[in-house]
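Below: the structure, in structure tokens.
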Amino acid sequence: MTDGSRLRNQKTIAVITGGTQGLGRAIARRLALEGARGIVISGRNAEKGEDAAKSVRALGSDCVFVKADVSIADDGYRLIDTAPLCRSSPTGRRLPGSGVCRIGR
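Numbering (the numbering used here), first residue to last: 593 to 697.
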């Protein structure tokens with residue numbers, strides 16, 4: 593990876609639903625490789641989630657796992673409300689790795 597791509601997402605803070613495996617996990621890892629400042633991974637399986645967060649942290653980005661099922665509206669609200677890395681960033685991104693979700697109040 594070039595230095596330019598390592599810096600591409602250096603200001604990014606992202607919430608990735610379905611980030612415990614498959615496409616969501618790949619997105620989290622790619623953002624970390626591109627220098628993302630913080631990543632919040634969510635999913636339903638705590639063991640997979642903690643493992644995914646650990647693998648992202650190993651790439652140099654801050655990463656936390658929040659157990660949530662975004663098909664349940666209250667879990668979606670809680671995810672955004674409790675994601676410590678996202679609340680402080682006006683440049684945050686929300687990436688639905690688990691599919692399209694609508695969270696509106």
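Quick reminder that beta carbons are idealized off the backbone N, C-alpha and C, glycines included.
Worksheet entry | glycine 668 beta carbon less than 7 angstroms from that of alanine 635 | The question names alanine, yet the displayed sequence has glycine at residue 635. No, they are not a contact pair.
Practice prompt. Using alpha carbons as the reference points, say which of Asp673, Asp666 and Ile631 lies closest to arginine 617.
Written response: Ile631
Discussion item. Taking its Cβ as the centre, do 16 or more other Cβ atoms sit within 10 Å of asparagine 601, making it buried, or is it exposed?
Written reply: buried
Discussion item. Using a Cβ-Cβ cutoff of less than 7 angstroms, which residues in the same chain neighbour alanine 645 once the five nearest sequence positions on both sides are dropped?
Written reply: Ile633, Cys655, Val656 and Phe657
Discussion item. I need the boundaries of the alpha helix (DSSP H) containing isoleucine 664, first residue and last residue.
Written reply: Per DSSP, isoleucine 664 belongs to no alpha helix (DSSP H) and is neither H nor E.
Worksheet item: For serine 653, which three-state DSSP category applies?
Response: coil
Practice prompt. Could you confirm whether any beta carbon from chain B is found closer than 7 angstroms to the beta carbon of lysine 659?
Written response: This model lacks chain B altogether; it includes just one protein chain.
Worksheet item: Do leucine 625 and alanine 606 have their C-beta atoms closer together than 7 angstroms?
Response: no
Practice prompt. Measure the alpha-carbon distance for asparagine 627 versus glycine 614 and round it to whole angstroms.
Written response: Residue identity differs from the one stated: residue 627 is glycine in this sequence, not asparagine. Rounded to whole angstroms, glycine 627 to glycine 614 spans 20 angstroms at the Cα level.
Practice prompt. Check each candidate in Lys603, Ala638 and Gly652 and name the one with the smallest Cα separation from alanine 660.
Written response: Looking at the Cα atoms, Ala638 is the closest of the given residues.
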